[in-house]
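Okay, so here's the structure we're looking at.
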Amino acid sequence: MMDTKALQVFLSVAGSLNFSRSAERLHMSVSAVSRTVQRLEDELGQSLLERDQRNMQLTPAGRTLRDYAQRSVSDWQNLRRQLRGDQQLAGEVNLYCSVTASYSILAPILEAFRQRQPGVELMMHTGDQADGVDRVLSGQDDVAVSGRPGYLPPRLAFLSLLQSPMVVCMPAADCAVRRMLLASDVAAADFDWSGIPFIVPERGVTKDLLDGWLDRRSSRPRIYAQVAGHEAIVAMVGLGLGVGIAPELVIQASGMASRVTAVPVWEPLPPLDIGLCSLNSRLEDPRVKSLWEVARQTYDSAL
């Protein structure tokens, strides 16, 4: 009989499609993660993952087990809570966010939630916000702070909290990159971006926003670097290494606001819709539902 721990390991692998990354997140060895998946495959008599030297993806059986595992892990957690019979909510909620979001977005939510649910412990994990949706879909975290994806999977709920303008930024100090931009009319619709070094997100919602914006340009910039996290992009721009994009919220919170300036582009990027995401099934857990409602009330009252 499959145990809950094995299903949680599989959910992590199904979300990351990377044994090393899952092992790091689960604080396990890569071999232990691999053995757990192999044991599940042996029990089911089906391959769950298709692997080659460069890629990994779920098989049809793997997708079926992923959906089953998400339901089973959620049901098990609910059963444990019910059998304890506590009137006051207790236990844990796993929450994922970027470092910036932890204090610029979550601070008022967490303060209100602690007052309402003192028995619930929030287990916060930080990293690149671009990973938030995948971590929730894989069952690794209950809730994540994320930009709203262009496509919202049916099993994912999204609670919009605020919008932050996306800023194309350049170094504030005199440097080769700044001189290249100021040598011609950067605000013109036909500005030639082909020689401009650009620092871009590796993945995620803002990468999709940037790709769409660049597709509408008559020329594309030279990609100087692809990095994880808006904070790293702002830092690299401030050091004079290139032009980048970041939410205004991140720039103001980064401590680098004085070292970057906005590029007056012809067409602004769409704003980033920032909020919480969670599986619809996880919102049936009273702890997760309570956090969700506190977040909604906190930002509704701020409007």
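Using this note's numbering, read the sequence shown as starting at 72 and increasing by one per residue.
Here a beta-carbon is modelled for each residue, glycine too, at the ideal position from N, C-alpha and C.
From Tyr139 to Leu82, what distance separates their C-alpha atoms?
Taking the straight line joining both Cα atoms gives about 10 Å.
Please classify Leu154 as buried or exposed, where buried requires at least 16 other C-beta atoms within 10 Å of its C-beta.
It counts as exposed.
Start and end of the alpha helix (DSSP H) containing Glu121?
Glu121 -> not in any alpha helix (DSSP H); beta strand (DSSP E) instead, spanning 120-122.
Helix, strand or coil for Leu232, going by three-state DSSP, please let me know.
Strand, per DSSP.
Find the nearest neighbour of Pro131 within the set Ser118, Gln124, Thr107, Arg122, judged by alpha-carbon distance.
For the residues Ser118, Gln124, Thr107, Arg122, the minimum Cα distance to Pro131 belongs to Ser118.
Go ahead and label Ile180 buried or exposed: buried means 16 or more other beta carbons lie within 10 angstroms of its beta carbon, across all protein chains shown.
Buried: at least 16 other Cβ atoms inside 10 Å.
Note down, in chain order, each residue of its chain lying with its Cβ closer than 6 Å to the Cβ of Leu340, except the 5 sequence neighbours on either side.
Closer than 6 Å at Cβ, skipping near neighbours: Met237, Leu280, Trp284.
Helix, strand or coil: how does DSSP classify Arg293 here?
Three-state result, Arg293: strand.
Identify which residue in Arg353, Pro318, Glu364 has its Cα closest to the Cα of Ile345.
Ile345 has its Cα closest to that of Pro318, out of Arg353, Pro318, Glu364.
Contact between the segment 158-172 and the segment 300-314: three or more CB pairs below 8 Å?
Judged by Cβ distances under 8 Å, the segment 158-172 makes contact with the segment 300-314, as three or more pairs qualify.
Anyone know if the C-beta pair for Gly210 and Val144 falls short of 8 Å?
Yes, the Cβ-Cβ distance between Gly210 and Val144 is below 8 Å.
Does DSSP put Leu362 in a helix, in a strand, or in coil?
Looking at Leu362 - three-state DSSP - the assignment turns out to be helix.
Candidates Ser175, Val321, Leu88, Tyr174: which alpha carbon is nearest Arg134's?
Cα-wise, what sits closest to Arg134 is Leu88.
Measure the alpha-carbon distance for Trp147 versus Leu354 and round it to whole angstroms.
Going by the C-alpha atoms only, they are around 14 Å apart.
Counting pairs of Cβ atoms below 8 Å between the segment 228-247 and the segment 307-327, do you hit three or more?
Segments in contact, yes.
Among Pro357, Pro225, Leu78, which one has its Cα closest to the Cα of Val204?
The residue with the shortest Cα to Cα distance from Val204 is Pro225.
Please confirm if the segment 263-273 is in contact with the segment 314-333, defined as three or more CB-CB distances below 8 Å between the two stretches.
Cβ pair count under 8 Å is three or more, so yes.
Output the distance between the C-alpha atoms of Gln323 and Gly218, rounded to the nearest integer angstrom.
Computed Cα separation, rounded: 17 Å.
For the alpha helix (DSSP H) containing Leu78, list its first residue and its last residue.
From DSSP, the alpha helix (DSSP H) with Leu78 extends over 75-87.
Would you call the CB atoms of Ala21 and Ser102 closer than 8 Å?
Here the chain covers residues 72 to 374 and nothing more, so residue 21 does not appear.
Give the straight-line distance between the Cα atoms of Val84 and Ser93, rounded to the nearest whole angstrom.
Cα to Cα, the separation comes out at about 6 Å.
Using the rule of at least 16 other Cβ atoms within 10 Å of the residue's Cβ for burial, across every protein chain shown, is Leu150 buried or exposed?
With fewer than 16 other Cβ atoms within 10 Å, it is exposed.
Helix, strand or coil for Ala182, going by three-state DSSP, please let me know.
Looking at the sequence shown, residue 182 is not Ala but Glu. Helix.
In the DSSP assignment, the beta strand (DSSP E) including Gly203 goes from what residue to what residue?
From DSSP, Gly203 is part of no beta strand (DSSP E) but of the alpha helix (DSSP H) over 203-208.
Let me confirm a value: Ala201 is counted as buried when at least 16 other C-beta atoms fall within 10 Å, else exposed. Which label applies?
Buried is the call here.
With DSSP run on the structure shown, which of helix, strand or coil describes Gln323?
Here Gln323 sits in helix by DSSP.
How big is the Cα-Cα spacing for Phe262 and Thr332?
Roughly 18 Å separates the two Cα atoms.
Is Pro342 near Ser235, with beta carbons less than 8 Å apart?
Yes, the pair counts as a contact, with Cβ atoms nearer than the cut-off.
Report all residues from its chain with a CB closer than 8 Å to the CB of Ile267; omit the five preceding and five following residues, and keep chain order.
Val248, Met251, Leu252, Pro292, Arg293, Gly313, Val314, listed in sequence order.
Can you find the residues in the same chain that come closer than 7 Å, C-beta to C-beta, to Leu233, ignoring five residues on each side of it along the sequence?
So the qualifying residues of the chain are Ile345, Tyr370.
Hey, Val214 and Val164 are a contact pair by Cβ (cut 8 Å); roughly how many whole angstroms apart?
Confirmed, Cβ separation roughly 7 Å.
At what residues does the beta strand (DSSP E) containing Thr197 begin and finish?
191-197 is the extent of the beta strand (DSSP E) around Thr197.
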